[in-house]
Structure formats: structure tokens, C-alpha cells
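2 protein chains.
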Amino acid sequence: MRTTIKDVAKKANVSTATVSLVVHGHNRISPETKNRVEKAIKALNYYPSKSARNLVSRKTGNIGFILTEDHFLKTEPFYTQIFLGTEFEARNQEYYILLTTIPTNFSKDDDLPRFILERSIDGLIIAGKVPDLFIEKIEPFNLPIVMVDYYTDHNAQSAVLIDNIGGAQQATEYLLSLGHKNIAFIGGDLEHPSISDRYHGFKMALEKNKKALNENLIVLTENATSREDGYHAAKFLHQSQTDFSAVFACNDAMAIGAMQYFKSTGIRIPQDLSIIGFDNIEGDLYQDPPLSTMSVPKIEMGQEALQQMVQILSNKKKVLKKILIPVELIVRQSTKQK
Amino acid sequence: MRTTIKDVAKKANVSTATVSLVVHGHNRISPETKNRVEKAIKALNYYPSKSARNLVSRKTGNIGFILTEDHFLKTEPFYTQIFLGTEFEARNQEYYILLTTIPTNFSKDDDLPRFILERSIDGLIIAGKVPDLFIEKIEPFNLPIVMVDYYTDHNAQSAVLIDNIGGAQQATEYLLSLGHKNIAFIGGDLEHPSISDRYHGFKMALEKNKKALNENLIVLTENATSREDGYHAAKFLHQSQTDFSAVFACNDAMAIGAMQYFKSTGIRIPQDLSIIGFDNIEGDLYQDPPLSTMSVPKIEMGQEALQQMVQILSNKKKVLKKILIPVELIVRQSTKQK
DNA sequence: CTGAAAGCGCTAACAT
DNA sequence: ATGTTAGCGCTTTCAG
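So the sequences go chain by chain: F and B.
If you read the first sequence in the numbering used here, its first letter stands for residue 2, the second for the next number, and so on.
If you read the second sequence in the numbering used here, its first letter stands for residue 2, the second for the next number, and so on.
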């Protein structure tokens, strides 16, 4: 049998209330009693029962973490890192994270995660793009929500977002500063806020530097932004016969795919062509040459999300914040002065 | 305020005890009452409070899932898939999974996961290789443990394991059946049970078929078994000038790296050299040629682990089982009749 | 077949 | 400064 608050009280010769106060660090307990209680706690190796606490506090101490299956199983551990960040922070903040996935094409017949139905969580962190339908369906549960790396104002929530616009500008301007005049952009589905923001950042940088936008240098694939898509985008670009000396890929996966294509045609990187990506994934380092990119602090984003959640949970007032996480230019060997 | 069992009882004109019995599907309730109660539950959208249940049952309804950080963040979503399998199954079995990582080099100064210290879990699933020290440190907590894809008999637990020996034999015999006489093996740290088992399976198949083992055709890298390691192992093999027409790599990552090296030297696959891997990771399909391999059912392994845990948790008797999950030969284009 | 009631371990008024 | 006590929502004997 596990030791309970009663055991501690008995051993320390106080009431359970006193023990409870000591455990919670209330200062209206005399130092001596406090000391005695603490000793008893140590001696008995007492840990308060979560269940009992939860029952009386009407909270669960759990925070749900949701992402779509494909995001979780993706080769790049992008969301996995974000999860890890929230898990790290949850340790400090005394919360547990309940991770679950939802089908990538969540449909109206799909059940909501059990922890939502059973109300086993105090709040919900949603990472990455999820179907609108899902957001709608959880609305009635009135859970505090923090989104990470995705945002929809379908119903207002707090969000932790990458500074995609700023980062894309920075990347583009870096390329410009290297003397490149004709810069191509390869990307995917503009419905995705991250991608469209990066695209915008790219255009803004050109405008700001009074460079005309050459439509032929913009290649947007239908949907995904994988290595394969990058490969094909590069091929398309190459075969369009338009002149360019640098490529800004909307993410590293596409950049890597593109690089692979260009190299296969004999184009040398960075001598003939500079390429920069976005995300800073592990694979960048194993490329030949290693890929220049914009670094996204994934762990930190996860931590930030958890902190936001804790704030929402402790203050009653619902401050809806959008937090923009800055990204950092990482120069490696895939970019070069023209 | 959330609806409680009392609300349901009042609405259905019964006692809370009756509601409880209905919820648990006891059959000593008359059909009419049962019906009435069920209607009330629906109408009020009642879900029993986990905390209250946990408190009275002295269980938490949670199962911990532990892996090392590097395993979780690996590029290949191998353990991620295993986790997903346990999570899927946990949904059926009414458990929540608490996922946490431990440092890859867990040292004696590292804290144990909070959910162990606070006893917030009923059992623990450990996936992949973890430091012995960790296993030792959790022993006093006397938690039911199920290991997945790793086993140590430091203290006896149940385990869900890949049939590595059988799979390696199968792969090797397949290569033999193709007419290959000189088959190389590339692998890593034999301290790791999976790798050493695959190595043994390889040797056993040779023996069984009365083929001598050529030491020059065995390349074991120091530690890891990544693409890079495969690349270097292949290089080493190639430069040793020993004759071989087929390679069995201890996993797909190494196989892919090896293939990359061989192709770079002009060796054609499968015309000049057959390669087979192990694991069946997603990347296999994107290789040129697509990689033949032994398929490991990761999701199923996770499910199996959870089921084992539930069994242990429901029976008091601790049956320690080792479950061997069979693997399946997948023939793609990297292997060919000699 | 159903209800009354004790109690799981803890917290938070309210007393003292 | 500390103790008493009434719940939190549920399960589970034990009666009826």
C-alpha cells in the first residue's frame, strides 16, 4: 500500500491539512512543524496521489497534444522535436502530455480523440496543419487551445508560429547580397500558411530591393513539399530555359531534392548555382555540399507552446497571443558569391 | 459544471450505484432500468470522471512509454511507428499513453521520468535499447514492464521482439536460392541484440547450407548503423578486393548507404550486385532500384506490447512472455538471380 | 434487482 | 499556527 497523507500526518503528529499546506509551500506553517513534516515525507517517501488531487481540483494535470498521422510519421522529425519541446517543458510545469494522432483526412465520421471526449485534458496543443473540420468539432468542448506552426482564425486561439515571412525575406536578401539577380522560388500548396508566408517573404524582399519578379522562376507543385517534389520542381525550372543563378526552396526537403536533380544534370553547386532551404533539418549536413538554410528552433517552439498553455490555464483571462519565433540564417556550402 | 453520475441517477430515477453498474455492463440490472439509464447517459452526455475512477480503483489508467532521445528523433520513424501502434491499441483498451524520452546516455545523476516517481502509471513499455543503468534504477518501483525490440534479462520482463534470427536466415537463404555463392554481411555494434541476432541468422543460414563463412566478407562498423555507416562499410568491402555478388545489410539504412557507394563506383544493382536490407522503411521505395528487404510490422509490435501490458495488468499472475514477431521477405528490384 | 452508505486521498473553508 | 470536516465523483460491499 502506498503511503498517503494520513501516514505522513500521523508520523509527524499533525493533521492532514497541515501536511497539505506544507506540501504546497504555504508560509503560514511554523518552521518547526514544517521541518517535522518534511522529514516525515522523506522518511515515508511520500508522493501525493495525482488522482485524489485531480478529483478535488477538477483538473486533470494533462495536456493533449495532437497532430495528424502523416506529420507524426514523416521522415523528418520536425513535429517530433516540437513534441519533445513541450514534453520537456511539461516536466518543469508538472503536467503530463497525452499525445495522439488524428487521421490526416479527418472526416466527420471520425471520432474525436478519447481524451477530449472523456475530458481527460485541461488544454490542447495542436501541432501542424489539421483539417478545419477537426477544429470545428472540438469547439463545443471549450478547451483552451494553443496551435503550433499552424493557424486558422476559425475560432481564435493562441499560436506559436515560425516567423516565415521574416525568415524568407532574410534568406532572399542574403542571396541578393551575394550578387544573385535571378532567383527562383520553388514551393508547394499555397493554402498552407507556412508556405504562402515564405512565398510572400520572398516577394517582399524582391520588392524592397526593387527587383522584378519573374513568373517563370516561380514553381509551385500541386501539394506536397517532399524531396521528390523538389526534384521535379527543379527539373521543370531547368527545362523552362529561364536564366537563374540561385534557388530559394520553401523547405529543406525540396531543396535537397532540387539539388539532387541539378547535380544529375551536371550543374555544380555552389559554383554554378546557389541553393538555400528553410527548416534546418538534420539531413542538410549530409548533403554534398551541406545545405545553407534558415534554422527553425523546434524544441523551443514546443516549450513556448506549453508555457503559453500554462499561462492560459493559470490566468482565467484568455489572452490570445500569436508568438512569432525568429529564425536564423545558417550559411553552409550550398550558397556562394556570384 | 460537468455532468456527474448523480445527475444521471436523478434523471433516470435510480441510485448512483445502479448507474455505475450499467456503465460497467453488469448483467444483474433489468433491461428496463438499463435502458432508462442509458438514455439518461446519452441525453446528459455523461462520461465518468477518470480521476474519481482512478482514485477508487487505485489505478491511474496510464501506461508509460519510454525511449531514448536519439531513438525518438531518428530520421526513420521506426519507434515512432511502434509508439503509434501502442497508442492505437490503448484507445481500444481504455488506457492513456504517457510518452517520455530519457537521455541516450542515461547516467546515475539523471532523474527518472516524473510519471515513475509520482507513480502516475500502471505499467511501463520500454522501446528500443536503453541503458542498463536505467533498468536497474526503475527496478525498485516494481512496475510491470514490457520491452519492445530490446531485451535484457537484468530483471525479467515480458518482451515483444522481432524474429531477427529467423528473418536474417530467410534473407540469406533467399540470396542463396538466387545462386549467390559469396554473400557479404555489413552491420554494426554486436552488443545490440538485434544486430547480433541478424548476424547469427546470417551465419546459421550459411552453415545450414554448407557454405563456408568468409571473414573478409563481414564488415562491422564501430557503433551506428546509419546510411553513412553503410556507405563506409561498402567502401571498405569494395576495397578489400574480395569477391562477392550479394550483400545482406543488417538494416535498410546501411543497405541504402551501401547502394549509394556501389553505384558511385559504377557497380550496377542488381545486375552486378544484389543487395537486401532489413526493416522495410519508407525510404526503400524511393531508391533506385527499390530495395528488397525484410519487413518488420512496427505498428503491430506496438499493439502487441500494449496487449501484453493489459494482460499483465488484469491477471495478477506475472507471466513473462517473449513474443517473437515474424518478418516477411519483400522482393523488390535490388536483388536478382545470379 | 436495486439502494444506502462507506470510503478512495486530498483540498479548502471554517474553527479553534 | 494548526485542526476539523465536508466534499470531489465514483465503486463496492452489504442490505433489502
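Yeah, the Cβ is synthetic: ideal placement off N, Cα and C, and Gly gets one too.
Query, Result
"Residue span of the alpha helix (DSSP H) that contains Ser-197 of chain F, given as start and end", "194-209"
"Collapsed DSSP secondary structure at Ile-30 of chain B in the structure displayed", "coil"
"Outcome for Gln-334 of chain F when other beta-carbon atoms lying within 10 angstroms are tallied against a minimum of 16", "exposed"
"Test item: CB-CB of Tyr-262 of chain B and Gly-231 of chain B under 9 Å", "yes"
"Cβ distance (whole Å) where Ile-184 of chain B is taken to contact Phe-245 of chain B below 8 Å", "7 Å"
"One or two residues paired with Lys-323 of chain F in a DSSP bridge", "F:Ala-160"
"Cβ-based contacts, 9 Å cut-off: residues of the segment 40-55 of chain F near chain B", "Tyr-48, Pro-49, Ser-50, Lys-51, Ser-52, Ala-53, Arg-54, Asn-55"
"Burial state of Gln-170 of chain B, where buried means 16 or more other Cβ atoms lie within 10 Å", "buried"
"Pair within 9 Å by beta-carbon distance, Ser-275 of chain B and Leu-330 of chain B", "no"
"Check whether Ala-306 of chain F and Ile-103 of chain F have beta carbons under 9 Å apart", "no"
"is_contact[Gln-308 of chain F, chain B] using C-beta, thresh 9 Å", "no"
"Gln-85 of chain F versus F:Gln-312, F:Arg-3, F:Val-149, F:Cys-251, residue with shortest Cα-Cα distance", "Checking the displayed sequence, the identity of residue 85 of chain F turns out to be Leu instead of Gln. The shortest C-alpha separation from Leu-85 of chain F is found at F:Val-149."
"Residue environment, Ser-195 of chain B, which counts as buried when at least 16 other CB atoms sit within 10 Å", "buried"
"Cβ of Gly-284 of chain B within 9 Å of any chain F Cβ", "yes"
"Own chain partners of Pro-290 of chain F with C-beta closer than 8 Å, once the 5 adjacent residues on each side are dropped", "Ile-270, Pro-271, Arg-333, Gln-334, Ser-335"
"Contact set between Leu-85 of chain F and chain B, taken where Cβ atoms lie within less than 8 Å", "Glu-70, Phe-73, Leu-74, Thr-102"
"The segment 128-137 of chain F contacting the segment 55-65 of chain B, beta-carbon criterion three pairs below 8 Å", "no"
"Chain B contacts made by the segment 105-121 of chain F, where a contact means CB separation under 7 Å", "Arg-115, Phe-116, Leu-118, Glu-119, Arg-120, Ser-121"
"Interface partners of Gln-261 of chain B on chain F, CB under 8 Å", "Correct list: empty, because the minimum Cβ distance to chain F is about 11 Å."
"Between the CA atoms of Asp-190 of chain F and Tyr-151 of chain F - distance to the nearest angstrom", "14 Å"
"For Arg-228 of chain B, the nearest candidate out of B:Tyr-200, B:Ser-21, B:Gly-188 (CA to CA)", "B:Gly-188"
"6 Å CB neighbourhood of Lys-322 of chain F in its chain, flanking five on each side removed", "Ser-159"
"Residues that DSSP places opposite Ile-187 of chain F in a beta bridge", "F:Val-220, F:Ala-250"
"Chain-ordered chain F contacts of Thr-173 of chain B [CB-CB under 9 Å]", "Correct list: empty, because the minimum Cβ distance to chain F is about 28 Å."
"Meets three-Cβ-pair contact criterion under 8 Å: the segment 249-264 of chain F and the segment 277-285 of chain F", "yes"
"Any chain B beta carbon closer than 9 Å to Asn-36 of chain F", "no"
"Buried or exposed by the 16-neighbour rule on C-beta atoms within 10 Å, applied to Ser-50 of chain F", "buried"
"Alpha carbon of His-233 of chain B to alpha carbon of Ala-259 of chain B, nearest angstrom", "7 Å"
"At least 3 beta-carbon pairs within less than 8 Å: the segment 66-83 of chain F vs the segment 73-87 of chain B", "yes"
"Opposing strand residues paired with Met-295 of chain B [DSSP bridges]", "B:Leu-330"
"Residues bridged to Phe-66 of chain B [DSSP beta-bridge criterion]", "B:Leu-100, B:Ile-126"
"Cβ-based burial, His-181 of chain B [other Cβ within 10 Å; buried from 16]", "buried"
"Chain B within 9 Å of Asn-63 of chain F, Cβ atoms only", "yes"
"DSSP bridge partner residues for Val-38 of chain B (one or two, in chain order)", "For Val-38 of chain B, which the question treats as bridged, DSSP gives no partner whatsoever."
"Reduced DSSP category for Asp-154 of chain F - H, G, I as helix; E, B as strand; rest coil", "coil"
"Same chain, Cβ closer than 8 Å to Val-345 of chain B, neighbours up to 5 away in sequence not counted", "Shown here, chain B extends from 2 to 339; a query on residue 345 of chain B therefore has no answer."
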